[in-house]
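Enquirer:
In full-length UniProt numbering, the protein residues as written are 1 to 319.
Here's what the structure looks like:
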């Protein structure tokens with residue numbers, strides 16, 4: 001029987017893969033603590049914990065008509081970002097996948113009234129929300145498998161929790177020990193192009209608004225207390241500050257480890273920092289004694305049943 005043996009909300013900002021001298025130029029001579037935080041997390045968790053597979057909940061990979069999980073036997077190549085090619089160019093990545101777990105996750109779609117597809121196409125693009133964290137946390141550990149699950153731009157919070165429940169059920173049915181990485185930011189509003197170069201330093205004073213920084217800080221406090229129920233219950237309030245990908249990366253993670261039943265306290269690595277207006281932090285949740293709570297059961301959704309029973313309705317057309 002498999003289980004989640006650790007989980008975390010991890011920042012993947014492009015700054016972390018820039019040369020140190022450039023990082024310091026952008027940050028008033030200081031290096032970002034997001035880098036030292038990742039290095040510490042590697043030493044204390046990823047280098048020493050017993051696990052088989054890392055599942056990245058990738059806030060940069062946006063699908064439309066279904067959730068998608070990578071099912072290649074291996075992913076390798078050179079990554080150049082379409083968003084920031086000057087800073088992320090031809091960056092090497094190479095890691096084994098976990099097709100068995102990927103297909104098991106996809107098999108849990110119907111019982112969670114959602115749509116999940118496992119894709120093994122080696123031409124499938126990869127995104128830096130996966131590659132940047134792999135460079136710090138996975139590179140040099142060739143026996144560890146990595147797979148990614150994208151966010152879905154037509155999904156709401158309940159949909160994200162359903163995906164997480166499917167993931168949690170699949171892990172429990174497998175023989176895998178799994179680490180979950182919710183790769184993404186907290187509040188996520190950028191400064192405009194004409195202003196952003198005044199706000200490249202990591203200080204909290206550069207977060208887009210003081211209210212956004214306060215909302216992030218409040219939730220970081222709840223993470224550290226293990227009060228995930230409160231984070232989930234106040235998502236409508238947090239949406240005012242536009243969390244990255246509508247915080248689906250965090251919601252999917254929580255769906256897999258019991259949602260509000262989970263009381264695992266978080267441990268912060270590095271400081272809470274700005275990235276051109278957005279709130280970034282690394283928070284790690286260790287496996288509680290006795291394990292994380294089981295994923296909840298999704299009640300049967302009549303709308304899902306109706307759509308699945310319609311001719312071809314399970315494969316809607318994308319525009």
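Backbone N, C-alpha and C define an ideal beta-carbon position, used for all residues, glycine too.
I'd like the span of the alpha helix (DSSP H) that includes residue 15, first residue to last.
Expert: From DSSP, residue 15 is part of no alpha helix (DSSP H); its letter is neither H nor E.
Enquirer: Under the assumption that residue 232 contacts residue 258 (Cβ atoms under 8 Å), give the Cβ distance between them as a whole number of angstroms.
Expert: Contact doesn't hold; Cβ gap of about 11 Å is too wide.
Enquirer: Measuring straight from C-alpha to C-alpha, what distance separates residue 137 and residue 310?
Expert: 44 Å
Enquirer: Could you check where the beta strand (DSSP E) with residue 225 kicks off and where it finishes?
Expert: DSSP places residue 225 outside any beta strand (DSSP E); the residue lies instead in the alpha helix (DSSP H), whose first and last residues are 210 to 225.
Enquirer: Is the Cβ-Cβ distance between residue 2 and residue 182 less than 8 Å?
Expert: no
Enquirer: Between the Cα of residue 71 and those of 83, 81, 53, 28, spot the shortest distance and give me the residue it belongs to.
Expert: Between residue 71 and the set 83, 81, 53, 28, the nearest pair of CA atoms involves 53.
Enquirer: Below 8 Å, can you find three or more Cβ-Cβ pairs linking the segment 115 to 127 to the segment 194 to 214?
Expert: no
Enquirer: Quick check on this structure: which residue in 45, 132, 301, 69 has the alpha carbon closest to the alpha carbon of residue 152?
Expert: 69
Enquirer: To the nearest angstrom, how far is it from the Cα of residue 193 to the Cα of residue 248?
Expert: 26 Å
Enquirer: My assumption, with CB atoms under 8 Å, is that residue 10 sits in contact with residue 133. Please give the rounded CB distance.
Expert: 6 Å
Enquirer: Given this structure, state the Cα-to-Cα distance separating residue 19 from residue 25, to the nearest angstrom.
Expert: 10 Å
Enquirer: Using the C-alpha atoms, what's the distance from residue 282 back to residue 322?
Expert: There is no way to answer for residue 322, as the model of the chain reaches only from 1 to 319.
Enquirer: Where do the N-terminal and C-terminal ends of the beta strand (DSSP E) with residue 285 fall, by residue?
Expert: 278 to 286
Enquirer: So the candidates are 235, 55, 28; which of them puts its Cα closest to the Cα of residue 177?
Expert: 55
Enquirer: Could you give the uninterrupted runs of the beta strand (DSSP E) lying entirely in the segment 69 to 119, keeping only those of 3 residues or more?
Expert: 74 to 79, 91 to 96, 116 to 119
Enquirer: Could you tell me the distance, in whole angstroms, from the CA atom of residue 12 to the CA atom of residue 299?
Expert: 34 Å
Enquirer: Return yes when the Cβ of residue 94 is within less than 8 Å of the Cβ of residue 76, no when it is not.
Expert: Closer than 8 Å, so yes.
Enquirer: In angstroms, rounded to a whole number, what distance separates the CA positions of residue 321 and residue 197?
Expert: This structure cannot speak to residue 321, because the chain is shown only from 1 to 319.
Enquirer: Along the alpha helix (DSSP H) that carries residue 274, what are the first and last residues, could you check?
Expert: It is not in any alpha helix (DSSP H) - residue 274 instead sits in the beta strand (DSSP E) that spans 266 to 275.
Enquirer: Straight-line CA distance for residue 289 to residue 180?
Expert: Rounded to whole angstroms, the separation of the alpha carbons of residue 180 and residue 289 is 17 Å.
Enquirer: Fully enclosed by the segment 115 to 147, which beta strand (DSSP E) runs are 3 residues long or longer?
Expert: 116 to 119
Enquirer: Would you check if the distance between the CB atom of residue 169 and the CB atom of residue 252 is smaller than 8 Å?
Expert: Contact: no.
Enquirer: Among the residues of its own chain, which have a CB less than 7 Å from the CB of residue 104, if the five just before and after it don't count?
Expert: 170, 173, 174
Enquirer: Do residue 41 and residue 269 come within 8 Å of each other at the CB atom, strictly closer than that value?
Expert: Contact: yes.
Enquirer: For a test of the three-state rule: what should DSSP assign to residue 37, helix, strand or coil?
Expert: helix
Enquirer: Is residue 73 buried or exposed, if buried means 16 or more other CB atoms sit within 10 Å of its CB?
Expert: Classification for residue 73: exposed.
Enquirer: In the DSSP output, which residue or residues are listed as bridge partners for residue 67?
Expert: 116
Enquirer: For residue 306, collect the residues of the same chain with a Cβ closer than 7 Å to its Cβ; drop the 5 residues on either side in sequence, then sort them by chain order.
Expert: none
Enquirer: At a cut-off of 7 Å, is residue 82 close to the ligand NAP when judged by its beta-carbon and the heavy atoms of the ligand?
Expert: What this structure holds is no ligand at all, so the ligand NAP is not there to describe.
Enquirer: Comparing alpha-carbon positions, which option in 203, 273, 264, 79 lies nearest residue 123?
Expert: Put simply, of 203, 273, 264, 79 the residue whose alpha carbon is nearest the alpha carbon of residue 123 is 79.
Enquirer: Could you tell me the alpha carbon to alpha carbon distance between residue 212 and residue 15, rounded to whole angstroms?
Expert: Computed Cα separation, rounded: 21 Å.
Enquirer: May I ask which residues mark the beginning and end of the alpha helix (DSSP H) holding residue 251?
Expert: Residue 251: member of the alpha helix (DSSP H) spanning 248 to 256, first to last residue.
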